Every structure is written in C-alpha cells, then in structure tokens.
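Okay, so here's the structure we're looking at.
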Amino acid sequence: MFRMQKRGEMPKTKIVAIRILAIILALVAAAFIILLLKLNPVDVYIAMVKGAFGSVYRVKEVIIKTIPLVVTSLGIAIAFKMQFWNIGGEGQICMGAFLASYVALNYPDLPKPLLISIMILASIIGGGLWATVPAYFKAKWRTNETIITLMMNYIALKWIQYLQYGPWKDPKAMGFPKIPHFTDNAILPDLFGVHIGWVFALVLTVLIYIFLNYTKKGFEIAVLGESENTAAYAGINIKRTIITAIFLSGGLCGLTGMIQASALHNTLSVEVSGGVGFTAIITTWLSALKPFVIVIVSLLFAALVQGGSFIQTAFGIPQAAAQLLQGMILFFVLGSEFFIRYKLVWNKSFQSISKKE
Amino acid sequence: MKKTVSILLIMCMFLALALTGCGQEEKAPGENAEADNSAVKVGFVYVGPASDGGWTTSHDVARKQLENNLNIDTLYKESVPEGPECEKVINDLIDQGCNVIFSTSFGFMDYTLNAAKAHPDVKFMHCSGYMTNENMGAYFGRIYQARYLSGIAAGMKTKTDKIGYVAAYEIPEVLRGINAFTLGVRSVNPDATVHVKWTHTWIDAAKAKDAAVALLAEDCDVITQHQDAPGPQIAAEEKGVWSIGYNMDMKDVAPKAYITAPVWNWGPYYEKQVKAIMDGTWKAENYWGGMEDGIVDLAPLTENAPEGAKEAIEKVKAEIIDGSFKVFSGPIKGQAGEIRVAEGETLTDEELTSMDWFVEGVVGNPKQ
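If you're matching them up, the sequences are chains A and B in order.
Take the first sequence: its letters are residues 11 to 367, numbered as in the numbering used here.
Take the second sequence: its letters are residues 27 to 394, numbered as in the numbering used here.
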C-alpha cells in the first residue's frame, strides 16, 4: 500500500505551492460547513478578516491576544530547541500568575514600579521553578518530560482553583468564588492604547533571538538538542544546560501569567492561562522555533481567533461552528507540514508480496 | 524553511483584505445598525449555549421576541466564561454596533460594571446581581416564589421523604431558592428533607447529571435543580423517579419524570426596557419582580404531578399574587432548629439578597 518516505530538500517554490494549496483546501472545506449553516462562505471569510482588522479597536484586540502567545511561544521555543518537549506552558503560566498574584494581593500598597517589578520577578521564578521539576527529573533520571510537564498542568490548574474556591476567595463576593481584584498599583500600564505587555513581547523576541543564535548558552542548547553525545564530547555540562534552559522556558511562560493576570484579568482566576500554553505549542512549531517568525505567526493566530469570535456574533452562528472553522483552517495548515517533510509512495514491494501469496 | 508558512499566511490575509475592498458595499450583518445612529441595537452576553434548553434559552427566547416585536437588531455571544473575557465580549459587541447590553449571569456583574463605566453612552442591564450605575440597571425575578410552589408538588410526591437538589454556587440567589423550595416542601410534608449537592458550575450539564445520580443513590426520589441545563431531569428519568425542572418547561426532556418547573418569562420586561430606551425615558433601576408581574411563573403541572397538588398550588399562588402570603414570613427555623425569622416578621429584600444560611430541613452546607 502507501508508505511514508522522508523527503530530501525541497525547492522553496514547491513548499510555497503546498502551503497555498493547504490554505485553499481549508477554505474550500470550511465553505461546505458554512453552506450547511445557510450562509455565504465568501461573506463569512470577508467578515472574519474585517472582524480581525476592520477597526482600530479590533486590531488592538488582536494585539492583546498576540502578546501572551508570543511570550509563551518564545519560552516553548527554547525548550523545543533542546528537543525538550515542554507541554507544560499552561501550568507554568498558572504558577507564574500565582506567585505574581501573591505579591499583588499581599503588598498592594507598594509603589507601582516597585510592585510591578517584584511581580515580574515572582512570575518568572514561579513559572521557572515549576518547569525545573520535570527538567531536574529528566537530567537526573531521564524521565519523559512530555508526560510530566503535561500532568503538572493539571496540578497547577487545580491549585489555582483551590485558591479561588478556598483561601483566596473574595469575602465581599457574597459567596461567589472569585479572588479579589488587584489594586491599581499592580496593574500594567497602557502604552499607545494597548497594555505594555506588547513592549515586553517585542523586547523579549529580540533578546531570545540573540540568546539562541549568538550566545554560548544558546549554542549549547542547540547542540544538546541535536545530539547529547556530541554535547558531552564537546564538554557541555548537560544537566546544568537542561535545567538553565528549562528554567528560562518556564520563566517566560510564568511571565505570560503575570501579564495576563495583571493587565487583562486584574486578578487571578482559573481562566488565567486560557489555553495559551497549548496554543503556543502550535504557534512555536509553525514558526520553526524562530523568534521573529513567532511574532508573525502569533499575530495571525490571534487574528484567526478574533475573526472567529466576530463572525459568531455577526452571523449568529453557534460558538461550536465558529471553532470548527478555526480548527479546520489549522488542521490543513498543520497537515501541509506533513507533506512538506514526507511523501506518500506506492509501495511496490508490498504489492509484489501480496501477489505471491 | 517554515518561515514561508508565515509569509504565505500573510499573503492569504492580504488577499482576503483585497477581497474585502471589493465587497465594501455589502456590510456584514453585524454592522447594519451603524448607519442609523438613532437605532437601538441590543447585544446579549450568555453564560451558556443559546440552545442549552434552560437558563440561556429562556433569555434567547426573549431576545427573539425583542427582534420580532420591536423590529430591532440584536446580537448575542454565547458560552462566555464568568471572568474578564466577559468585558472583552461586551467591548466586541459595542464595536459591532450595540448600544444596549444585557449580560445574563451573576459572574458577569463586575465586568459589566467596568464596561458601563468605560462606555457612558451605552445602556447596560445585568441579570441577577446587585451592582448598578447611572447607565447600568440590575434586574431579576422572585423565582423563589415559584420554587416554593414547586416545593409543594415535590413534598406531596416524595415517598422516601428525601428530595435531591442539584445546586450551582453558594451565593444568596441559590440559597434563597433552596430555602423557598424547602419551605414549600415542608408546608405539606413536615418530615421531608432536601439534600443539596454543589456542582460549582451553571452550565456543565454532565456534572449536574452526575450530582443528581449521586443524590438518587442516596434514596432521593424527587430531583430538582439550580442549573442552567436539564441534566438532572435526565438522571431522574433514567432512574424512573420524579423531577422538578427550572428555567423552562422541561417536559420534553424527561416526559416520565418531570412534574413542573419554576420558569422565567423575560420577554415583556425586556420589551418594556428597550422601549423606554428608544423613547429616551429609560433610567437605571434595580428591578426585582415577582409572580404578580409575570416575570416568574410555575409551568403547568403534568400528569406526573401528585393528586391534590394543583389545588394546593393554585391557592397559594393566588395568595402570593395578591400579596397576602409571603414565602419568607416567620416562624422560620434555621438548620439547627434555631428561630431565624420570628412569628409575624418577614425577611426584607436586603436580607433576602444577602442570605447565607439554610432553613430547617435542608441537608447540606450553605458555606464553602
């Protein structure tokens, strides 16, 4: 039957062609669903783009959605570069937000610059330490980091839930489970109409680019990712490199938690991560771990989400249908990656074997 | 190599943007009202899916009535989490031309208030909370009156003298409903107890059903709910016992179990409010109407109802409507048997909206 065969280098033009085809196929396939909803697909697609970029407000909303994706993707990119599959962004976001919120709720009257600086530091430590646990296990006992980071997400989420329903519950909320709001001192300021997180995201993009490409540590991470033996032979301290890189990776995810809790939610809640930790895996992968590409892919992804949300209200279609459209577009785009790396070959030897029998 | 993905996606976006340019004449339906400034366009923020068959559907029915009877445009966003996302959704709706916003869940309150302060020219109506602003009204109904009546049916129906109550959150609204229901139950069956299970969700029908299954395993033979969707009704139907719904007539969900349900009728109130906004006479109010206004009612009893229930309920219902009977009039005892409301006294609205205790006969914990 068919067999997958790894492709060699493919000409750029062919790669582009495959991707264009993927997007066209995605739009065509999604069009059938839209037709089932008795709507005109062209109208819906146009509305999706307008919903994402049609007004200053909408562009701002897209940027607000882009920020956490960029910061988290940068963090995940560091881990992935080392071929350490950090699926724990979600939990690291939560723990970063948790420590930042601890500071915000307990020292609400500190001067704003000081309080925010401490919150940032706390969030990086929170997310970083949470990620260091699986990193240590991997370095010490070669445990599978995918499973451990994934499982630790649920521990972190339940921990936030426990705080929200228990010790941190706002006594003034008449029994409704929510954590009190931060004071104004703990809330990130705006710059040009969008909270200052966008500056963090851009600065971090440059920093991580330099770190991964032009520093010794960045080089060590890359070498270790390609081959542990080479790394050992080159005299790289493997354990220390793993732990440093993953602390950074988790720390960036934790920073996302602080940005979301402070600027957007103004408090801590179980929704603080909002799936960003998982979505960022997709954006990181699509960006081939390249920091500047991460910014662009995150922006497009945020636009897809914002546009999807817009058509939902604009056309009165169910949320599930809007998400289905988003999912289909993503499916085709990710699917095209497969065809760029592999090709399907008709397996002749298999045929001849079956004939003989 | 994967850089090209992004380049391609950008190209695609530009292509789409170019398409937008061509079709500029036709506006997306979400933007019709922008042309006419005087037009009212109402946006709804729902906590669950519009088709949940309960709470959110009851609001969506009223939304459609608004569209038909007042000939205005409405938008809605469903399944909005009770958190900061709510504020973003409100901003989105305003961006899409809405100038009146209804947000229909308790947890939307703070975020609706934030949005109201940020958009002084938009009118806001928040359901089931207590915060108001110059441009934000609060509204709700005395559903506890209908719960009391449904309690009469449940109290007469139960054979095990144990009634299960699947409840969402430990907030005054829910506690008040449980208390009113229990008072209704014990007005006809002083031995019966009401067993409460908390789900900590309004909308998760599967979780609500699980809670009902657990109550049924504890020998309850009538199940009622303070949940948006009819999950607990299905649990009762499957077990072959009885159920009392909530929000809407749930007869079709559990034809063999369902007896009746306290129901919402938001349509007339929504029409009145939006008309007032259109006339320019609208003022933010804190509205809490009862059965006399028709905003709450008890759904018709089915053949599953116990004998004599109809007459007993009709009698009390008439007294509630003419004001001669108040659900929370003393003597009322608390869970430990202590007097909470003395004979001749009635709880004030303030006491009702901050209720944090259970009446005698409720088995459960009113605090977390």
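Beta carbons are placed, not taken as given, at the ideal position from N, Cα and C, and that holds for glycine.
In this text, all values refer to a predicted model and were calculated from it rather than measured experimentally.
| Asked | Found |
| --- | --- |
| Three-state class that DSSP yields for B:Tyr191 in the structure shown | strand |
| Selection from A:Phe147, A:Leu309, A:Lys182, A:Val69 that minimises the alpha carbon distance to A:Ala211 | A:Leu309 |
| Continuous alpha helix (DSSP H) assignments of at least 4 residues falling wholly in the region 238 to 294 of chain A | 238 to 243, 248 to 269 |
| B:Arg168 beta carbon less than 8 Å from that of B:Gly315 | yes |
| Chain A residues whose Cβ lies nearer than 9 Å to that of B:Ser380 | Met184 |
| Rounded straight-line distance, which links the Cα of A:Gly61 to that of B:Lys235 | 38 Å |
| Buried or exposed by the 16-neighbour rule on C-beta atoms within 10 Å, applied to B:Asp254 | buried |
| Residue burial classification, B:Tyr272 (beta-carbon count within 10 angstroms, cutoff 16) | buried |
| Simplified DSSP assignment, three categories, for B:Glu340 | helix |
| Buried/exposed call for A:Arg351, threshold 16 Cβ in 10 Å | exposed |
| Buried or exposed by the 16-neighbour rule on C-beta atoms within 10 Å, applied to B:Gly47 | Any reading at B:Gly47 needs caution, since the residue's pLDDT is 39, under 50, leaving its predicted position unreliable; the model's value is listed next. It counts as exposed. |
| Helix, strand or coil at A:Phe42 according to DSSP, with G and I counted as helix | helix |
| Proximal residues of chain A, C-beta to C-beta of B:Pro107 below 8 Å | Glu281 |
| Under the three-state DSSP convention, the category A:Phe348 falls into | helix |
| CB contact check: B:Asp247 to chain A, cutoff 8 Å | no |
| Local Cβ density within 10 Å of A:Asn154, reported as buried at 16 or more and exposed below that | exposed |
| Contact check, B:Leu209 vs B:Val342, beta carbons under 8 Å | no |
| Burial state of B:Lys188, where buried means 16 or more other Cβ atoms lie within 10 Å | buried |
| Counterpart residues of A:Arg13 in DSSP-defined beta bridges | A:Val355 |
| Cβ distance (whole Å) where B:Thr82 is taken to contact B:Val73 below 8 Å | 6 Å |
| Below-8 Å beta-carbon distance, B:Phe132 vs any chain A residue | yes |
| Any chain A beta carbon closer than 8 Å to B:Pro110 | yes |
| Residue-chain proximity (B:Asp99, chain A), Cβ-Cβ < 8 Å | no |
| Interface residues of chain B facing A:His275 [CB-CB closer than 8 Å] | Gly109, Pro110 |
| 8 Å contact criterion, which A:Trp95 and A:Thr142 should meet: CB distance rounded | With a Cβ gap of about 16 Å, A:Trp95 and A:Thr142 do not count as contacting. |
| Residue of B:Phe207, B:Asp118, B:Ile346 minimising C-alpha distance to B:Val389 | B:Phe207 |
| Contact residues within the region 220 to 245 of chain B, judged by C-beta distance below 9 Å to chain A | His226 |
| Amino acids of chain A, ordered along the chain, whose beta-carbon sits closer than 7 Å to that of B:Gln122 | Thr323, Ala324 |
| Where A:Gln333 falls: helix, strand or coil (DSSP) | helix |
| Beta carbon proximity, A:Ser319 to chain B, threshold 8 Å | yes |
| Integer Cβ distance of B:Met182 from B:Gly163, believed to fall under 8 Å | At roughly 39 Å, the Cβ-Cβ gap does not stay under 8 Å, so B:Met182 and B:Gly163 are not in contact. |
| Near-chain B residues of the region 48 to 73 of chain A (beta-carbon distance less than 9 Å), N- to C-terminal order | Val52, Asp53, Val54, Tyr55, Ile56, Ala57, Met58, Val59, Lys60, Gly61, Ala62, Phe63, Gly64, Ser65, Tyr67, Arg68, Glu71 |
| Proximity to A:Lys227 [Cα-Cα], best of A:Ser237, A:Gln270, A:Arg250 | A:Arg250 |
| Other residues of its chain near A:Met129: CB distance less than 7 Å, five sequence neighbours each side excluded | Ala110, Val113, Ala114, Ala196, Met268, Ser272 |
| C-beta contact flag for A:Ile158 and A:Phe147 at 8 Å | yes |
| Interface flag, B:Glu376 vs chain A, CB-CB below 8 Å | no |
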